[in-house]
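Those protein sequence lines, which keep their order, are chains G and W.
Sequential numbering of the first sequence, starting at 5, is according to this note's numbering.
Sequential numbering of the second sequence, starting at 2, is according to this note's numbering.
From the three backbone atoms N, C-alpha and C, an ideal C-beta is built for every residue, glycine too.
Nothing here was measured: the structure is a model prediction, and the numbers come from that model.
Here the structure is laid out as structure tokens; the discussion comes afterwards.
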Amino acid sequence: MKLPVRVLLTAAVASATLVACSSNKPKPQPPVTQTGTDTMTDRNTNNGGKYTVESLDTDSCLRQRVVYFDFDHSEIKPEFQAQIACHASYLRQFPGARVTLEGNADERGTREYNLGLGERRGNAVSSALGSSGASSSQLNVVSYGEERPTCKDHNEGCWQKNRRVEIVYTSKQ
Amino acid sequence: MKTDFLMLKRFLAQSLAAFTLALFASIAGAQALKSDVPTIDIKNGTASATPITVVPFSYEGAALPPETNVDEVIGTDLNRCGQFRVLPKESVVERPAHGNEIKFPTWNMLKQAYIVVGRQIETGNGGEVRVEFELWDVAQQKQMLGLAISGQRTGMRDVAHQIADLVYEKITGVRGAFWTRIAYIVSTGLGNNISYALMVADSDGYNPQTVVRSHEPLLSPAWSPDGRKLAYVSFERGNSSIYIQEISTGAREVISSAKGINGAPAFSPDGSKLAMTLSYGGNPDIYVMDLATRHTTQLTKHFAIDTEAAWMPDGQSLIFLSDRSGKPQLYQTSANGGGDATRITFQGEYNANPSISYDGKRIAMVQGSGNVYRIAVLDRASGETKAISPGSLDDHPSFAPNASMILYAATEGSRDVLWAVSTNANVRQRLLLADGDVREPTWSPYRQRGQ
């Protein structure tokens with residue numbers, strides 16, 4: 005149990021920079037250091053219509069809105085399954101809620117290919133949400149390829165932040 | 002060689018027709034700002050290049066000479082194509098303005114193969130200046146060209162590029178491509194403050210003008226074969242959409258705004274069709290739209306990413322990128338939608354973004370290996386690939402219409418800048434065009450007069 009929790013917290017910290025996703029553009033902010041929220045517990049107790057619209061801002065799992073990927077890959081890594089599951093759960097509970105899944109790629113490779121890669125990642129998140137119960141009418145994929153980087157350094161530290169899908173709520177309920 | 006000879010004949014006929022043609026720079030209103038002036042760095046030696054002298058042109062007129070130094074522009078053009086080595090100004094010991102003033106022993110001693118002399122004459126007709134020039138073969142003491150081109154004082158760069166084109170063509174037998182334009186994307190800022198512009202400039206980066214500006218991403222500019230329109234991708238509607246815009250009027254229309262990706266537009270050689278990447282079918286595939294009827298044909302159908310289509314010059318087939326083998330590689334498929342795609346790149350783990358030479362014999366592309374991306378040129382006949390840029394994040398090659406040079410984008414530190422490299426890789430020139438990131442350079446077709 006120790007390892008998954010640590011990984012989840014890492015993901016929570018990383019995505020905390022992008023919490024305020026009411027705008028559809030990434031907002032670069034200094035990383036926020038979060039103290040020990042037990043995301044596993046939150047996830048496990050939120051299966052029965054327990055979310056409110058406010059949960060999007062208060063629930064530590066729902067506040068995670070970014071899924072990161074490996075280079076040139078679009079498989080969802082195990083550490084993001086919990087995040088996918090809680091958003092799927094929210095979408096199931098609020099059939100009027102809508103999300104746009106914004107796919108992005110790092111700067112390596114050509115722009116049009118990266119549009120394809122960003123879409124592939126967006127589709128991966130979309131099908132994962134769908135198979136966890138979200139309706140396809142709630143899910144929209146837009147790929148920005150490498151056109152919307154959150155940072156512009158030429159190293160893996162920056163590239164890994166840009167290989168991402170942002171879950172953007174266009175309607176909350 | 003026969004084709005070259007025919008091209009030469011045709012263009013010489015055009016040139017004679019332009020003998021006294023007055024040129025009005027269509028973009029005279031968009032003079033370059035000082036900060037937009039390109040920086041030219043000639044990186045490599047040009048020992049194998051043909052030595053040529055461009056003598057400073059004399060000026061006859063009551064008003065001050067035009068701001069543009071015509072002979073300097075001609076010299077810079079010839080230098081940057083990699084096929085000529087222009088004698089530095091300080092070594093130009095004599096300054097003949099007419100052919101009959103050339104002392105050939107002097108230029109023989111300086112080992113010059115050719116010499117260009119000329120003069121600028123105020124015609125008294127508004128701000129018009131007539132530029133008369135002569136090209137001489139030094140060894141044979143023989144005149145090869147003697148022509149005049151007139152233009153407005155403000156349009157002297159256009160005149161100079163056209164003279165460079167005529168000199169280039171007379172010596173090499175291939176039409177010059179200095180009097181052409183480039184389209185490119187500039188982006189400034191990051192995050193919420195990012196803004197994008199689609200720009201058009203002269204082939205050397207001067208006279209930049211904004212075609213369209215947006216706070217949402219713009220990418221993939223593509224020229225229509227007549228050089229009057231640009232197709233491009235814009236996210237201003239929230240998702241990618243393909244537009245076609247007339248450059249001179251700004252009039253534009255949405256060509257495709259389907260669900261998913263609308264990307265990678267490419268005009269067919271006759272301008273009647275537009276190849277593009279659409280993903281509404283579930284994944285990116287290549288489609289071709291007949292622009293008159295708007296009827297769309299699907300060319301590829303594969304679960305892989307198929308994109309970045311480029312037309313072969315005969316319009317019968319297209320080269321495109323697909324990662325159906327696992328990594329991006331280039332494939333060729335029929336323009337009619339029938340038949341399978343054939344893989345054409347086998348060297349390198351990542352080959353993308355094809356630009357095809359006018360004769361279809363060479364394909365410039367991005368070749369990636371590990372974290373290094375370079376521009377490479379594939380020779381179709383031999384199958385050999387040669388890297389022509391140093392990396393490490395080089396992108397978006399675009400052939401000049403005569404294939405003498407290739408433009409590409411490179412990342413330097415925190416900036417994206419443009420480079421022009423001679424196809425023989427002897428000369429590289431950096432075009433420092435504007436603040437911000439400059440990318441996706443796209444070379445225009447040959448320019449038509451009055452454009």
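In the DSSP assignment, T107 of chain W falls outside any beta strand (DSSP E) and within the unbroken alpha helix (DSSP H) covering 105–110.
Distances from the alpha-carbon of G53 of chain G to those of G:G161, G:Q87, G:E151, G:Q97 put G:Q97 closest. Rounded to whole angstroms, the separation of the alpha carbons of G272 of chain W and S225 of chain W is 6 angstroms. Take the alpha-carbon of L331 of chain W and the one of S49 of chain W: they are about 33 angstroms apart. Along the region 105–117 of chain G, going in chain order, the ones with a CB nearer than 9 angstroms to a CB of chain W are E111, R112, G113, T114, R115, E116, Y117. Identification of residues in the region 226–244 of chain W having a C-beta nearer than 8 angstroms to some C-beta of chain G yields F236, G239, N240, S241, given in sequence order. Residue nearest to Q113 of chain W within the set W:S358, W:Q142, W:A336 is W:Q142 (criterion: CA-CA distance).
Nearest in C-alpha terms to D74 of chain G, of all of G:L66, G:R124, G:A89, G:R67, is G:R124.
CA-to-CA, the gap between P391 of chain W and K90 of chain W works out to about 30 angstroms. About 13 angstroms separates the Cβ atoms of A353 of chain W and L394 of chain W, ruling out a contact at the 8 angstroms cut-off. Under a 10 Å Cβ-count criterion, S280 of chain W is classified as buried, with 16 or more other Cβ atoms of the shown protein chains found around its own Cβ. Counting along the chain, V169 of chain G sits inside the beta strand (DSSP E) bounded by residues 168–175. If you look at E123 of chain G, you'll find it in the alpha helix (DSSP H) that goes 115–135. Counting along the chain, the unbroken alpha helix (DSSP H) around D72 of chain W starts and ends at 71–81.
For the region 259–273 of chain W, the residues whose beta carbon sits under 9 angstroms from a beta carbon of chain G are, in order, K260, G261, I262, G264, A265.
Its chain contains V201, V212, R229, K230, L231 as the residues whose beta carbon lies nearer than 7 angstroms to that of I248 of chain W, once the 5 sequence neighbours on both sides are disregarded; these appear in chain order. Of W:G369, W:T334, W:N337, W:G340, the smallest CA-CA separation from E350 of chain W is found for W:G369.
Close to chain G, meaning a Cβ-Cβ distance shorter than 7 angstroms, are the following residues of the region 303–316 of chain W: I306, T308, E309.
Neighbours of S280 of chain W in chain G, taken as residues at a C-beta separation under 7 angstroms, are given in chain order as E123. Taking a beta-carbon distance threshold of 9 angstroms, E83 of chain G does not count as an interface residue toward chain W.
Its chain contains F84, V129, V169 as the residues whose beta carbon lies nearer than 6 angstroms to that of V71 of chain G, once the 5 sequence neighbours on both sides are disregarded; these appear in chain order. Within the region 368–400 of chain W, G369, N372, Y374, S393, L394, D396, H397 place their CB atoms closer than 9 angstroms to a CB of chain G, listed in sequence order. It is roughly 15 angstroms from the alpha-carbon of R344 of chain W to the alpha-carbon of L300 of chain W.
Under a 10 Å Cβ-count criterion, T294 of chain W is classified as exposed, with fewer than 16 other Cβ atoms of the shown protein chains found around its own Cβ. Around S221 of chain W, the beta-carbon contacts reaching into chain G at under 8 angstroms are R115, E116. Cβ atoms of K156 of chain G and S215 of chain W stay farther apart than 8 angstroms, at about 19 angstroms. If you look at V255 of chain W, you'll find it in the beta strand (DSSP E) that goes 253–257.
Near chain W, meaning a CB-to-CB distance below 7 angstroms, no residue of the region 65–84 of chain G qualifies. Note: G119 of chain W is bridge-paired with W:F134 in the DSSP secondary-structure output.
Chain G places no beta carbon closer than 9 angstroms to that of L292 of chain W, leaving this residue out of the contacts. Proximity of L119 of chain G to chain W, defined by a Cβ-Cβ separation below 9 angstroms, is satisfied. Against chain W, a Cβ distance below 8 angstroms from Y148 of chain G picks out P218, F236.
Neighbourhood of E441 of chain W in chain G, by CB distance below 9 angstroms: R115, in chain order.
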